[in-house]
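A.B. asks: First the structure, then my questions, so here it is.
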Amino acid sequence: AGPLARDAARTQAAPGLTLAQRPRRNRKAEWSRRLVRETVLTVDDLIWPLFLIEGERRREPVASMPGVERLSVDEAVREAERAAALKIPAISFFPYVDPTLRDETGSEALNRNNLVCRAVRAVKAAVPEIGVITDVALDPYTSHGHDGLLDDTVIVNDATVALLVEQSLVQAEAGTDVIAPSDMMDGRVGAIRAGLDKAGFRDVQIMAYAAKYASAFYGPFRDAIGTSATLKGDKRTYQMDPGNSEEALREVALDLEEGADSVMVKPGLPYLDIIRRVKDGFGVPTFAYQVSGEYAMIAAAAQNGWLDGERAMIESLMAFKRAGADGVFTYFALQVAERLRAG
Ligand code: PBG
């Protein structure tokens with residue numbers, strides 16, 4: 004007991020406050036805090052994004068994302084095996100496309116043997132039980148770094164959608180489980196759904212990046228896939244304005260009407276209010292993306308000893324669950340799964 008307890012007159016006999024409710028009673032011990040906890044983070048909530056690069060036995064650190072590496076396909080298979088052993092439900096792929104393969108129209112996106120397709124085939128062959136999610140957008144493949152076709156200064160919507168349908172079919176043929184369009188073109192979900200169905204891929208899911216904002220938090224990701232230096236201008240004519248939330252609901256409604264199986268909000272922590280509104284408004288599987296900049300902030304501060312990285316990681320992911328997310332894309336996924344297993 005502390006010094007106050009020794010002064011029995013003050014702590015025991017003194018009347019103190021008469022309170023019917025003392026919320027602290029439920030917090031007094033770990034067993035009790037566990038019993039009343041409303042939100043639980045489990046391994047089932049995690050989706051692990053991986054960066055791919057050409058080569059063999061190659062791992063290359065991403066400078067702006069301490070702890071994250073670009074992986075050659077064989078290394079990605081090894082990581083997928085580790086993820087599956089930890090029961091992480093799904094992984095997703097983002098390629099660093101060799102600059103010599105990038106062009107104005109992103110034609111490498113339609114190569115049936117591109118980096119993403121090879122990774123999908125290799126992982127599905129080695130670890131069939133893990134879900135594979137592939138991003139549909141042209142930015143890793145275009146010389147200008149935009150998600151769509153660029154005509155002078157304009158991103159051309161409908162012609163881009165036609166290419167995104169082709170890209171989706173190429174990925175579906177490689178064996179992807181989920182197509183995740185991250186491009187924000189109008190009408191792409193419906194067009195992709197129709198294209199997949201026509202080609203017999205009725206069971207390939209669509210997870211729509213429905214409310215994707217034009218965000219500064221994507222910076223480190225663009226380093227990772229090598230588009231920071233090449234991106235011409237910004238993405239504000241297709242990604243959403245950070246000031247809007249009614250518009251996010253309209254975007255979600257449209258993607259659902261067009262056939263999305265689940266929707267995503269991105270970035271994550273700065274947009275928890277959007278996750279909550281989407282979940283309450285639609286009641287559909289709702290995912291969040293803790294993006295590269297969010298990861299970098301926690302990882303860099305932890306590296307400097309400015310905060311406890313493990314606790315910040317768990318707390319941030321718990322916040323997504325509390326806001327209503329069914330799952331979260333996070334670069335911390337493997338670390339979290341290991342930590343949860345350790346208990
Ligand atoms: C692009 C895409 C981006 C991310 C996923 N897909 C970045 C962008 O829109 O420029 C961001 C992911 C992250 O920052 O972690 N289609």
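Going left to right, the sequence shown walks through residues 4 to 346 as this note's numbering numbers them.
Ideal placement from N, C-alpha and C gives every residue a C-beta, glycine not left out.
Since this is a predicted model, take the numbers as computed values, not measurements.
#1: So does valine 294 have its beta carbon nearer than 6 Å to some heavy atom of the ligand PBG?
#2: Count the other CB atoms within 10 Å of the CB of aspartate 150; is the residue buried (16 or more) or exposed (fewer)?
#3: Note down the Cα distance separating glutamate 169 from cysteine 120, rounded to an integer number of angstroms.
#4: With a floor of 3 residues, list each beta strand (DSSP E) that falls wholly inside the region 117-201, ordered by position along the chain.
#5: Roughly how far, in whole angstroms, is the beta-carbon of alanine 304 from the beta-carbon of leucine 272, given that I think they are within contact range, below 8 Å?
#6: Could you name the residues that DSSP lists as bridge partners for glutamine 208?
#7: Classify serine 35 as buried or exposed, calling it buried when 16 or more other Cβ atoms lie within 10 Å of its own Cβ.
#8: Since arginine 73 is in the beta strand (DSSP E), which residue starts that stretch and which ends it?
#9: Between Tyr292, Arg205 and Thr42, which has its C-alpha nearest serine 95's C-alpha?
#10: Tell me the DSSP bridge mates of lysine 215?
#11: When every heavy atom of the ligand PBG is checked, does at least one fall within less than 6 Å of the C-beta of aspartate 142?
#12: Measure the alpha-carbon distance for alanine 152 versus threonine 163 and round it to whole angstroms.
#13: Between serine 181 and alanine 83, what straight-line distance do the alpha-carbon atoms span, to the nearest angstrom?
#14: Measuring only from the beta carbon, is phenylalanine 224 closer than 6 Å to any heavy atom that is part of the ligand PBG?
#15: So which of Ser218, Glu176 and Tyr212 has the shortest CA-CA distance to glycine 198?
#16: For tryptophan 51, write down the residues that DSSP places opposite it in a beta bridge.
#17: Output the distance between the C-alpha atoms of alanine 214 and alanine 23, rounded to the nearest integer angstrom.
#18: Taking C-alpha atoms, which residue in Ile50, Ser218, Asn160 and Pro131 lies nearest to arginine 239?
#19: Report the rounded CA-to-CA distance for alanine 299 versus methionine 187, giving the unit in angstroms.
#20: Measure how close the beta-carbons of valine 266 and alanine 211 come, nearest whole angstrom, since I'm counting them as under 8 Å.
#21: Quick one: what does DSSP say methionine 68 is sitting in, helix, strand or coil?
#22: In or out: lysine 324 buried (at least 16 other Cβ within 10 Å) or exposed?
#23: Check whether the region 47-58 and the region 302-318 are in contact - that is, three or more C-beta pairs closer than 8 Å.
#24: Counting C-beta neighbours from all protein chains within 10 Å, is the total for threonine 21 16 or more, i.e. buried, or is it exposed?
#25: Considering only heavy atoms of the ligand PBG, does any lie closer than 6 Å to the CB of tyrosine 216?
#26: Report the rounded CA-to-CA distance for leucine 237 versus alanine 140, giving the unit in angstroms.
#27: Since glycine 330 is in the alpha helix (DSSP H), which residue starts that stretch and which ends it?
#28: Might you give, ordered along the chain, the residues of its own chain that have their beta carbon closer than 8 Å to the beta carbon of arginine 280, omitting 5 neighbours on each side?
C.D. replies: Walking through what the data contain:
#1: For the purposes of this step, residue 294 is identified with residue 291 of the sequence shown, where counting begins at 1. Because some heavy atom of the ligand PBG lies under 6 Å away, the Cβ of valine 294 counts as near it: yes.
#2: Within the sequence shown, numbered from 1, the residue matching residue 150 stands at position 147. That one is buried.
#3: Taking the sequence shown and counting its residues from 1, the one referred to as residue 169 is at position 166. Taking the sequence shown and counting its residues from 1, the one referred to as residue 120 is at position 117. Each residue's alpha carbon lies about 13 Å from the other.
#4: Inside the region 117-201, DSSP marks whole beta strand (DSSP E) runs of 3 or more residues at positions 134-139, 152-154, 157-159 and 181-184, from first to last along the chain.
#5: Start at 1 with the first residue of the sequence shown, and residue 304 comes out as number 301. Start at 1 with the first residue of the sequence shown, and residue 272 comes out as number 269. Incorrect: roughly 14 Å between the Cβ atoms, too far for contact.
#6: Indexing the sequence shown from 1 puts residue 208 at position 205. According to the DSSP secondary-structure assignment, glutamine 208 is paired through a beta bridge with Val181.
#7: Locating residue 35 in the sequence shown gives position 32, counting from the first residue. With fewer than 16 Cβ atoms within 10 Å of its Cβ, serine 35 is classed as exposed.
#8: As a first step, residue 73 must be located in the sequence shown, where it is residue number 70. Unbroken beta strand (DSSP E) run through arginine 73: 72-74.
#9: Along the sequence shown, read from residue 1 onward, the residue named residue 95 stands at position 92. Taking only the C-alpha atoms, the option nearest serine 95 is Tyr292.
#10: As a working note, residue 215 is residue 212 in the sequence shown. Per DSSP, Lys269.
#11: Position 139 of the sequence shown, counted from the start, is the residue given in the question as residue 142. Yes.
#12: Here residue 152 refers to the residue found at position 149 of the sequence shown. Here residue 163 refers to the residue found at position 160 of the sequence shown. The question names alanine, but residue 152 in the sequence shown is leucine. In a straight line, the C-alpha of leucine 152 is about 6 Å away from that of threonine 163.
#13: As a working note, residue 181 is residue 178 in the sequence shown. As a working note, residue 83 is residue 80 in the sequence shown. One detail in the question is off: residue 181 reads as valine in this sequence, not serine. So the alpha carbons of these two residues sit roughly 16 Å apart.
#14: For the purposes of this step, residue 224 is identified with residue 221 of the sequence shown, where counting begins at 1. Answer for phenylalanine 224: yes, Cβ within range of the ligand PBG.
#15: Taking the first residue of the sequence shown as 1, we reach residue 198 at position 195. Glycine 198 has its Cα closest to that of Glu176, out of Ser218, Glu176 and Tyr212.
#16: On the sequence shown, residue 51 is found 48 positions in, with the first residue counted as 1. Tryptophan 51 is bridged to Ile94.
#17: Along the sequence shown, one-based indexing puts residue 214 at 211. Along the sequence shown, one-based indexing puts residue 23 at 20. So the alpha carbons of these two residues sit roughly 44 Å apart.
#18: Here residue 239 is taken as the residue at index 236 of the sequence shown, counted from 1. From the listed residues Ile50, Ser218, Asn160 and Pro131, the smallest Cα separation to arginine 239 is found for Ser218.
#19: Position 296 of the sequence shown, counted from the start, is the residue given in the question as residue 299. Position 184 of the sequence shown, counted from the start, is the residue given in the question as residue 187. Straight-line Cα distance between these residues: approximately 24 Å.
#20: As a working note, residue 266 is residue 263 in the sequence shown. As a working note, residue 211 is residue 208 in the sequence shown. Between the beta-carbon of valine 266 and that of alanine 211 there is about 5 Å, and that keeps the pair under the 8 Å contact cut.
#21: Numbered from its first residue, the sequence shown carries residue 68 at position 65. Methionine 68 falls in the coil class under three-state DSSP.
#22: Indexing the sequence shown from 1 puts residue 324 at position 321. Classification of lysine 324: buried, given that the 10 Å Cβ count is 16 or more.
#23: Of all C-beta pairs linking the region 47-58 to the region 302-318, fewer than three are shorter than 8 Å, placing the two stretches out of contact.
#24: In the sequence shown, counting from the first residue as 1, residue 21 sits at position 18. Classification of threonine 21: exposed, given that the 10 Å Cβ count is below 16.
#25: Taking the sequence shown and counting its residues from 1, the one referred to as residue 216 is at position 213. Within the chosen limit of 6 Å, the ligand PBG does not reach the beta carbon of tyrosine 216 with any heavy atom.
#26: Here residue 237 refers to the residue found at position 234 when the sequence shown is read from its first residue. Here residue 140 refers to the residue found at position 137 when the sequence shown is read from its first residue. Position check: residue 237 holds aspartate in this sequence, whereas leucine was assumed. Approximately 15 Å, taken between the alpha carbons.
#27: The count along the sequence shown starts at 1 and reaches residue 330 at position 327. In the DSSP annotation of this structure, glycine 330 is not part of any alpha helix (DSSP H); the continuous beta strand (DSSP E) holding it starts and ends at 330-332.
#28: To locate residue 280, count along the sequence shown from 1; it is residue 277. Same-chain partners within the cutoff: Ser248, Ala251 and Leu252.
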